[in-house]
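So that you can map any letter, position 113 of the sequence shown is 168 in my numbering, and since no number is skipped, the others follow by simple counting. Here is the structure we will look at, set down as structure tokens.
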Amino acid sequence: MFARFRDDSLYLPGPAATPGTDAPLNQAPARSLNLSDGRRLSWCETGHRHGFPVIYFHSQAGSRLEAELLHDAALAAGFRIIAVDRPGIGGSDFKKMHGHSDFAPDVAALLDHLDIDRAGALGWDGGATFALAFSHRFPQRVAFATLLAPVAGRPAAQRRLSLRLLSAVVSGFVYARQRLRGSRIEQCLARLRESLCYADRKQFDNPLIYRLLVRDAAEAVRQGGRGVAQDSVLSLADWDFAPIAITAPVDVWRGGADTLSAICHVRVLQETLPNVTLHSVPGQGHFFFAGSSTDIFRHARQLLKA
């Protein structure tokens, strides 16, 4: 799954293994940008260093490190993955966000810094809505939007009182839970594994993937739990943008056996987005892309050629 370091790869060789331990993964080095308001924005890059750029929006309980799962396929397909930590997560400084669109200017500033005019938007799980929000806010900068196993809210026009009440309750619960999560990451992952389909449990049992997920969860709460808590609450929030105005083609990929990304989330996207295509991966779950995301990048390449 993890490619050997090559001149066209954005990975750096990992540190030497300590005797008696597993060999370390190659790791994408963290980078940072000082934004105009003084905050630090953290990101990393995987895939092909000269490839077509794709902004990766991580899950609501993860960090930029998730992009390492996409490295091999992106490298082979000629895509440069730019994975950005949202506020309060990983190395990015916290700021209060009132909606998904509040993060879009940070991403635009990073693209300016990297001298990139146009890129793809790729979001997994709760990151899918942030990818859509960026596509709405900066349509001229988005070539395509790809959503993997999306866990999405809904447009404000479809808001329900019950959802707002649930969001308020979850907010308090998540903030309390994330305070303790850093010391119980492996226990949390063990409980998560029990709720997954067979295909996802097989992914968890891969030592390389499991160790990456542990690192990713630890990185997400490196500054404490409020960044992940804010992200988790926003994953239930109404959208603060009009999906009908998104002009980029949107592709939704979901494993047919996924127990985390409910089919109702996909139906909301189908009903509200003007240019959406659904791809179902039979027998696979929430982490379907970890083993192979070749088809995802092959389709993205076709969109660029169209």
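Glycine residues also receive a C-beta, built at the ideal position from the N, C-alpha and C atoms.
Test item: CB-CB of residue i and residue j under 8 Å
i: glutamine 115; j: aspartate 286; result: yes
i: leucine 251; j: histidine 341; result: yes
i: alanine 186; j: alanine 200; result: yes
i: lysine 150; j: arginine 86; result: no
i: alanine 254; j: glycine 182; result: no
i: aspartate 313; j: alanine 204; result: yes
i: valine 162; j: serine 290; result: no
i: glycine 175; j: alanine 355; result: yes
i: alanine 303; j: serine 190; result: yes
i: arginine 281; j: glycine 143; result: yes
i: aspartate 33; j: arginine 119; result: Any answer about residue 33 is impossible in this case: the structure gives the chain only from 56 up to 361.
i: leucine 324; j: isoleucine 301; result: no
Supposed contact pair residue j and residue i - C-beta distance, whole angstroms, cut 8 Å
i: isoleucine 136; j: alanine 122; result: 5 Å
i: isoleucine 445; j: alanine 272; result: Since the first residue shown for the chain is 56 and the last is 361, residue 445 is missing from the structure and cannot be characterised.
i: arginine 196; j: arginine 173; result: 5 Å
i: phenylalanine 259; j: glycine 310; result: Actually they do not touch by this definition, with Cβ atoms about 14 Å apart.
i: glycine 133; j: histidine 103; result: 5 Å
i: alanine 362; j: phenylalanine 352; result: Nothing can be reported for residue 362: it is not among the residues displayed for the chain, which extend from 56 to 361.
i: leucine 124; j: alanine 345; result: 5 Å
i: leucine 88; j: leucine 165; result: 6 Å
i: glycine 178; j: phenylalanine 112; result: 4 Å
i: alanine 188; j: alanine 159; result: 6 Å
Per DSSP, the bridge partner or partners of residue i
i: tyrosine 111; result: Ala138 and Leu177
i: alanine 200; result: Ala176 and Val305
i: serine 87; result: Ser97
i: glutamine 195; result: Glutamine 195 pairs with nothing; no bridge assigned.
Note down, one range per segment and in chain order, each beta strand (DSSP E) of at least 3 residues found wholly within the region 304–359.
-> 305–310 and 331–336
Give a yes or no on contact between the region 300–314 and the region 326–333, applying the rule of three or more CB pairs nearer than 8 Å.
-> yes
Completely contained alpha helix (DSSP H) runs for the region 122–168, where each covers 4 or more residues | 126–132 and 159–168
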